[in-house]
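Take a look at the structure below.
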Amino acid sequence: MPADVFDDQRRAWIAAHAGIFVFQKRRAELLGKRLRARTRARTGVRPDPHDDDVRPGILFRKAADTGWWEKTILATAAVAAPLGWPLGRLVYARITTLIPEKLRAYPIPAMVWAAVLSGTPLVFFYDPAPSIWSSLIIPWVLAQLPATFLAAGVYGVLEGWLAVDGSSHWWPMAPAAQEVDDLLFLGPMDLPVPTLLDPEPAKPEPPAVTHRRTPPKITWLPLVSGAILAALGALWFASTVIDGAFGSTFTTFVTIPDGSSTNGTTFR
Numbered sequence: 198m199p200a201d202v203f204d205d206q207r208r209a210w211i212a213a214h215a216g217i218f219v220f221q222k223r224r225a226e227l228l229g230k231r232l233r234a235r236t237r238a239r240t241g242v243r244p245d246p247h248d249d250d251v252r253p254g255i256l257f258r259k260a261a262d263t264g265w266w267e268k269t270i271l272a273t274a275a276v277a278a279p280l281g282w283p284l285g286r287l288v289y290a291r292i293t294t295l296i297p298e299k300l301r302a303y304p305i306p307a308m309v310w311a312a313v314l315s316g317t318p319l320v321f322f323y324d325p326a327p328s329i330w331s332s333l334i335i336p337w338v339l340a341q342l343p344a345t346f347l348a349a350g351v352y353g354v355l356e357g358w359l360a361v362d363g364s365s366h367w368w369p370m371a372p373a374a375q376e377v378d379d380l381l382f383l384g385p386m387d388l389p390v391p392t393l394l395d396p397e398p399a400k401p402e403p404p405a406v407t408h409r410r411t412p413p414k415i416t417w418l419p420l421v422s423g424a425i426l427a428a429l430g431a432l433w434f435a436s437t438v439i440d441g442a443f444g445s446t447f448t449t450f451v452t453i454p455d456g457s458s459t460n461g462t463t464f465r
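So for the sequence shown, the working numbering puts the first residue at 198; every next one is plus one.
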């Protein structure tokens, strides 16, 4: 059973918390379209086709349809994490395949704190050298690892997993199914032999689906603390790298060598 069983909860959470961000409204519309497609396939009911209208992507919208903040976020993420962003999306997709059989929710705190722990060595061991390669390119490449985990955690929030109980826990394992001894309660009995006309037995739902709390109880401490540390580390590292790379380059460019004139120009 895939994680699609939580699509309805996630769609409602995304729509309720979309705010001014059009890309979140579009994400809720895509989930709603997928839910209606499954309903049509299961029951044959034909919903209103106008409900399947989805906003175009951010690259295909008119200028009036989206604010400058969305394009700023997109451009910043593309420049800062050109590898970490798609890799984080792959990590997110891989983890969701474990839900609900092995995990009962998406582990958002684990992804955020993995970004913090993997980015900590960059903060302590960054030593800018005079060259642009060692002061900018190498740190930027190494920062793609924590950016991967951070992107995976951000996708967990954007995709509405906070609506599912357990997503604010470190690693929400799915509860084990309890074995029930029917003979203990009913005693031995003769069961009829199945025939070819009998329908296939339905697969039981995992305990993560049947035993879940709605609305979920959110533990904010690991989420907020990890997000604050990740944001502070990212801002400090970005400012340090920019200052070490472009600051030293600018200083070298404007330095006047000894023996030159006051304005740095020698006339012959």
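The C-beta atom is built at its ideal place from N, Cα and C for all residues, glycine as well.
Taking a C-beta distance under 9 Å as the contact criterion, Gly316 and Leu342 qualify as a contact pair. Rounded to whole angstroms, the separation of the alpha carbons of Asp324 and Leu314 is 19 Å.
In the three-state reduction of the DSSP assignment, Leu256 falls in the helix class, which pools H, G and I. Per DSSP, Met308 has no beta bridge partner at all. For Pro283, the uninterrupted alpha helix (DSSP H) segment begins and ends at Gly281 to Thr293. By the beta-carbon neighbour count (other beta carbons within 10 angstroms, threshold 16), Val276 is exposed. In this structure, Gly357 places its C-beta atom within 9 Å of the C-beta atom of Trp210. DSSP assignment within the region 205-243 yields the following whole alpha helix (DSSP H) runs of 4 residues or more, N-terminal first: 219-240.
The shortest C-alpha to C-alpha distance from Pro369 to any of Pro413, Glu226, Ala213 and Trp433 is the one to Pro413. Out of Leu359, Arg208 and Arg286, the CA that lies nearest to the CA of Arg301 is found in Leu359.
For the alpha helix (DSSP H) assignment, the uninterrupted runs of no fewer than 4 residues enclosed by the region 337-362 are, from N- to C-terminal side, 341-355. The beta-carbon separation of Asp249 and Arg239, rounded to 16 Å, does not stay under the 8 Å limit for a contact. For Leu300, the beta-bridge partners assigned by DSSP are Met370. Cα atoms of Gly241 and Glu397: separation of roughly 21 Å, rounded to the nearest angstrom. DSSP places Thr416 outside both helix and strand once states are collapsed to three, so it counts as coil. Gly430 is not a Cβ neighbour of Ala348, given a cutoff of 9 Å. Where Glu267 is concerned, the enclosing alpha helix (DSSP H) starts and stops at Trp265 to Ala277. Contact annotation: Arg223 and Arg252 have beta-carbon atoms nearer than 9 Å. Rounded to whole angstroms, the gap between the alpha carbons of Ser331 and Thr269 is 27 Å. Assigned with DSSP and collapsed to three states, Asp324 falls in coil, not helix or strand. Assignment of Thr317 by DSSP, reduced to helix, strand and coil, places it in the helix class. By alpha-carbon distance to Trp266, the top candidate from Ala225, Phe220 and Thr416 is Phe220.
Looking from the CA of Val320, the closest CA among Pro336, Met308, Arg235 and Val309 belongs to Pro336.
It is roughly 22 Å from the alpha-carbon of Ala312 to the alpha-carbon of Ile296. Between Phe203 and Leu333, the CB-CB gap reaches or exceeds 9 Å. A residue is called buried once 16 or more other Cβ atoms fall within 10 Å of its Cβ, and Ile305 is buried on that count. If you check the CB distance, Gln206 and Val361 come in under 9 Å. Inclusion of Gly229 and Tyr303 in the CB contact set at 9 Å is not warranted, their separation being larger than that value.
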